[in-house]
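A short write-up of the structure that comes next.
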Amino acid sequence: GFDYVMWLDDDMDPPPDLVMGLLRLNAPIASGLYGRRGEPAKTMTYAFSDKDGARKPYHVTMPNWTDKFVVLDGVGFGCVLMKREVIQRVWDDTAGVPFKAGPSGNGGEDINFFDVASAAGYKVAIDGNLRVGHLGVSAA
């Protein structure tokens, strides 16, 4: 068995203490802070809102690559440490299809995974001190 799964994209440049830092958060889902590719520069941090009768993701701006600890609904899968219980719950809640791409305009597999996880009560602990480089992205 396993207790955790760590996602780290091949274009991430993590600090040496990333995994230990995420484990210290003692959260079901934990992430460092990194930016997305493209302009304008944005962090990969999200929340969900029920607007116009539909649950939709929206970007949460983390100004100046904050050093603060925050809790949000979702992040990109570029840098995530997750407890097995979260994966099992999302697996069960999606009839075994936890990583499907969303309907047009509602994000990819990461957004949809976190939509289901946040609806089940899970949040993402984000430590702004754990800054992860993303190749091809300039730091703000």
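Each number in the numbering used here corresponds to the 1-based position in the sequence shown with 21 added.
Ideal Cβ positions, reconstructed from N, Cα and C, are used throughout, including at glycine.
All of these numbers come straight from a predicted model, not from anything done at the bench.
Taking the beta carbon of residue i as the centre, do at least 16 other beta carbons fall within 10 Å, making it buried, or is it exposed?
i	result
D148	buried
S125	Residue placement at S125 is poorly supported in this model, since its pLDDT is 44, which falls under 50; the coordinates are not used for a value here.
M41	exposed
G117	exposed
Whose C-beta lies closer than 7 angstroms to the C-beta of residue i among residues of the same chain, with five residues either side of it excluded?
i	result
F134	V111, P119 and F120
D114	V137 and A141
Nearest CA to the CA of residue i: which residue from the options?
i	options	result
R57	V137, V81, D113 and R105	V81
Y25	L151, G99, L44 and D34	L44
G154	D30, G22 and F23	D30
P170	A140, D38 and G99	Because residue 170 is not part of the residues shown, which for the chain are 22 to 161, the question remains open.
F69	G97, A48, I108 and L93	L93
V91	G157, L151, F23 and W28	L151
F98	M27, Q109 and T115	M27
Y163	D38, T64 and D114	Any question about residue 163 goes unanswered here, given that the chain covers just 22 to 161.
What does residue i pair with, by DSSP beta-bridge criteria?
i	result
S70	K77
F90	D148
A51	L102 and A146
If I measure Cβ to Cβ from residue i and keep anything under 6 angstroms in the same chain, skipping five residues before and after, which residues do I get?
i	result
L34	Here residue 34 turns out to be Asp, not Leu, going by the sequence shown. Result list for D34: G154, in chain order.
S52	V96, C100, V101, V145 and I147
P49	K104, V107 and Y143
Using C-beta distances below 8 angstroms, list every residue in its chain close to residue i, excluding the 5 sequence neighbours before and after it, in chain order.
i	result
R76	F69, S70, D136 and A140
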